[in-house]
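Asker: Numbering of the sequence shown is given in my numbering, commencing with residue 11 and proceeding in unit increments.
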Amino acid sequence: MEQALLADVIAPRFSDVLVARDVLARHLPPTPMWSYPALDAELGATVHIKHENVQPVGAFKVRGGLALLAGLSPDQRARGLVTYSTGNHAQSIAYACAAFDATCTVVMPSAVSAEKVRAVRALGGEVVPHGPDMAAAQRHAEQLAGRTGGLLVSPGDTPALIAGVGTAYLELFEARPDLDALLVPVGSGTGAAAAVLVAAELAPRCQVIAVQSQAAPAAHDSWRLGSCVERSNRTAAEGLATGRGFALPQQIMRSGLADFLLVSDAQIAQAQRLLATHAHTLAESAGAAGLAAVLARPDRFAGQRLAVVCTGGNASAAEIAALGSTAEGDWGGNVGDGRAASSGAGAREHDSDLDHVRGGEGIRAARGR
């Protein structure tokens with residue numbers, strides 16, 4: 011039976027985000043956004059944390075899952091959904107399928123944390139472990155959808171997911187329309203794409219800045235080169251662990267993203283600890299990537315009004331244990347060390363982020379962006 015690809019529709023518009031807000035109001039309350047004096051003092055900027063980590067699945071993606079399921083016909087829901095994910099997208103789809111009485115099968119890389127597998131199964135989703143990475147999981151999900159007739163849902167190239175996620179940025183910009191910059195972690199890019207859509211309407215002066223691990227730079231390189239590329243995926247941050255660019259979020263990000271920064275996994279871990287000690291917040295590694303960019307570039311963001319999206323709080327047992335590896339009293343020294351490193355090979359500004367992008371023409375095109 012021919013598989014159905016939900017990505018084969020037009021890109022979402024701001025009006026779709028407004029519709030999604032009405033839908034989600036029946037399912038989810040707005041999430042809080044707070045600033046923390048201790049964190050502001052440490053960073054030398056006013057930083058508002060948007061707490062998507064308090065969603066019922068512990069991550070922002072539940073907004074997209076509910077918007078998607080709400081827009082399907084009864085016949086489509088009856089076919090069941092098939093998708094692939096490292097964790098948070100999986101929980102989002104499983105949660106939404108349970109809410110709309112649909113079945114859900116998720117192919118996950120075999121190395122994904124046991125906590126995330128358990129969470130998907132607890133929500134009623136069927137988990138199929140397969141392969142070493144997202145690329146292998148995607149191929150297997152496509153095969154499953156082809157055999158079963160299930161609706162194949164791309165975690166990046168599905169417009170309803172972006173429209174649903176955009177509701178977080180409606181809340182954010184309606185509360186703080188005066189921001190200088192918003193920093194958004196990127197895996198597939200749905201969050202940053204949604205932020206671009208909403209910022210263009212509600213906060214056009216705010217710079218929307220994407221952040222990704224330099225150990226999995228596919229979305230970053232795709233944006234700089236202007237076309238989707240594949241890259242090695244070695245990051246420990248599961249929510250950022252994608253090995254290719256996704257066409258739909260890339261298209262939207264190219265329309266309004268101010269910059270795309272890379273950070274190291276070590277800087278992300280540092281930001282996780284800072285959120286725990288200075289903002290009372292448990293963030294998974296991907297959820298701390300935006301703050302990691304602020305830590306790595308203090309001169310760039312000093313004195314600014316910033317928003318950082320804590321996209322998820324589904325930290326693994328290993329991540330939680332690692333939070334205690336640095337004593338709170340050591341923070342000043344460690345932050346200083348991270349800042350010094352950021353001017354070297356760890357995480358560098360705009361053009362230097364291109365060092366690993368191969369091909370002379372690609373590099374020249376990217377630097378001309």
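Ideal Cβ positions, reconstructed from N, Cα and C, are used throughout, including at glycine. Being a predicted model, the structure only gives us computed values, none of them experimental.
Which same chain residues end up closer than 6 Å to residue 22 when comparing Cβ atoms and leaving out the 5 residues on each side of it in sequence?
Answerer: 169, 172 and 173
Asker: What are the boundary residues of the alpha helix (DSSP H) that residue 27 is part of?
Answerer: 24-34
Asker: What do you get for residue 142, buried or exposed, if any count of 16 or more other CB atoms within 10 angstroms of its CB means buried?
Answerer: Label assigned to residue 142: exposed.
Asker: Is it right to say residue 99 is buried, meaning 16 or more other beta carbons lie within 10 angstroms of its own, or is it exposed?
Answerer: buried
Asker: Applying the criterion that 16 or more other CB atoms from any shown protein chain within 10 Å of the CB defines a buried residue, is residue 166 buried or exposed?
Answerer: buried
Asker: Given that a residue counts as buried once 16 or more other Cβ atoms are within 10 Å of its Cβ, and exposed if not, what is residue 378?
Answerer: Because the pLDDT at residue 378 is just 34, under 50, the model does not fix this residue reliably, and the value given afterwards should be weighed accordingly. The residue in question, residue 378, is exposed, as its Cβ has fewer than 16 Cβ neighbours within 10 Å.
Asker: Give the DSSP bridge partners of residue 45, in chain order.
Answerer: 58
Asker: Cβ of residue 288 within 7 Å of Cβ of residue 48?
Answerer: yes
Asker: Which runs of the alpha helix (DSSP H) fall wholly inside the segment 86-113 and span at least 4 residues, in chain order?
Answerer: 98-109
Asker: Nearest to residue 235 by CA position, among 333, 264 and 182, is which residue?
Answerer: Taking the Cα of residue 235 as reference, the smallest distance to any Cα among 333, 264 and 182 is reached at 264.
Asker: If we count the other Cβ atoms within 10 Å of its Cβ and call it buried at 16 or more, is residue 64 buried or exposed?
Answerer: Label assigned to residue 64: exposed.
Asker: What separation, rounded to the nearest whole angstrom, lies between the Cα atoms of residue 267 and residue 257?
Answerer: 15 Å
Asker: Go to residue 269, then tell me how far its beta strand (DSSP E) extends in each direction, as first and last residue.
Answerer: 269-273
Asker: Note the first and the last residue of the continuous beta strand (DSSP E) segment covering residue 217.
Answerer: 217-223
Asker: Pull the bridge partners of residue 383 from the DSSP assignment, please.
Answerer: This structure cannot settle anything about residue 383, because the visible part of the chain is limited to 11 through 379.
Asker: The beta strand (DSSP E) that contains residue 191, what's its start and end?
Answerer: 191-195
Asker: Enumerate, from N- to C-terminal direction, the unbroken beta strand (DSSP E) stretches of 3 or more residues contained entirely within the segment 261-308.
Answerer: 269-273
Asker: Assuming residue 4 and residue 245 are in contact, meaning their beta carbons sit under 8 Å apart, how far apart are those beta carbons, in whole angstroms?
Answerer: Any property of residue 4 remains undetermined from this structure, which presents the chain solely from 11 to 379.
Asker: Any idea if residue 241 is buried or exposed, counting beta-carbon neighbours within 10 angstroms, 16 or more meaning buried?
Answerer: buried
Asker: In angstroms with no decimal places, state the Cα-to-Cα distance between residue 111 and residue 84.
Answerer: 10 Å
Asker: For residue 81, collect the residues of the same chain with a Cβ closer than 7 Å to its Cβ; drop the 5 residues on either side in sequence, then sort them by chain order.
Answerer: 170
Asker: Measuring CB to CB, does residue 316 end up less than 7 Å from residue 298?
Answerer: no
Asker: Check whether the segment 187-198 touches the segment 31-40, counting contact only when three or more Cβ pairs, one atom from each stretch, lie closer than 8 Å.
Answerer: Short answer: they don't touch.
Asker: Would DSSP call residue 239 helix, strand or coil?
Answerer: In the displayed model, residue 239 falls within coil according to three-state DSSP, outside both helix and strand.
Asker: In terms of residue numbering, what span does the beta strand (DSSP E) encompassing residue 122 cover?
Answerer: Element bounds for residue 122: n/a, residue is neither H nor E.
Asker: By DSSP, does residue 352 sit in helix, in strand, or in coil?
Answerer: In this prediction, residue 352 has a pLDDT of 36, which is less than 50 and means its spatial position is unreliable; what the coordinates show is noted afterwards. Helix.
Asker: Going by beta carbon distance, what residues of the same chain come within less than 7 Å of residue 278, once the five residues before and after it are set aside?
Answerer: 223, 247, 295, 298, 299 and 302
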